[in-house]
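Residue numbers (this note's numbering): 2 to 99.
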């Protein structure tokens, strides 16, 4: 059984991905979820509360995944890229509603 050694840079990258990337991903999830639910007819504050509560679970999963994944570049790509894409889609939905 071998123990993998992790460099300090890789560890800092994973910590930053877990904290910052997870936040961006959760924020994008909330923005997209609230915009989509409101567009579907759900009251705004109900959608906001629902997706904020779900984002706590999502943040926990993304935080843990950022340390379990093999490649930190994939973690950054999924979390930061996915969060940015969800935020952009939420913006498009919001502009369509106005």
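Ideal placement from N, C-alpha and C gives every residue a C-beta, glycine not left out. Here the structure is a predicted model, which means the values were calculated and not measured.
| query | Does the stretch 42-57 come close enough to the stretch 76-89 that 3 or more CB-CB pairs lie under 8 Å? | reply | Result no; under three Cβ-Cβ pairs closer than 8 Å.
| field | For residue 42, the three-state DSSP class (helix, strand or coil) | value | Coil at residue 42, not helix or strand.
| Three-pair Cβ contact test at 8 Å for the stretch 74-83 versus the stretch 14-32 | Touching, yes, given that three or more Cβ pairs across the two stretches are closer than 8 Å.
| message | Please tell me whether residue 31 and residue 56 are closer than 9 Å, where the distance is taken between their beta carbons. | response | A Cβ-Cβ contact shorter than 9 Å links residue 31 with residue 56.
| To which residues of the same chain is residue 73 closer than 7 Å at the C-beta, ignoring the five residues directly before and after it? | Excluding residues within five positions, the ones whose Cβ falls inside 7 Å are 11, 14, 15, 18.
| Burial state of residue 64 (16 or more Cβ within 10 Å) | Per the 10 Å Cβ criterion, buried.
| Taking C-alpha atoms, which residue in 98, 97, 92 lies nearest to residue 29? | It is 92 whose Cα lies nearest to the Cα of residue 29.
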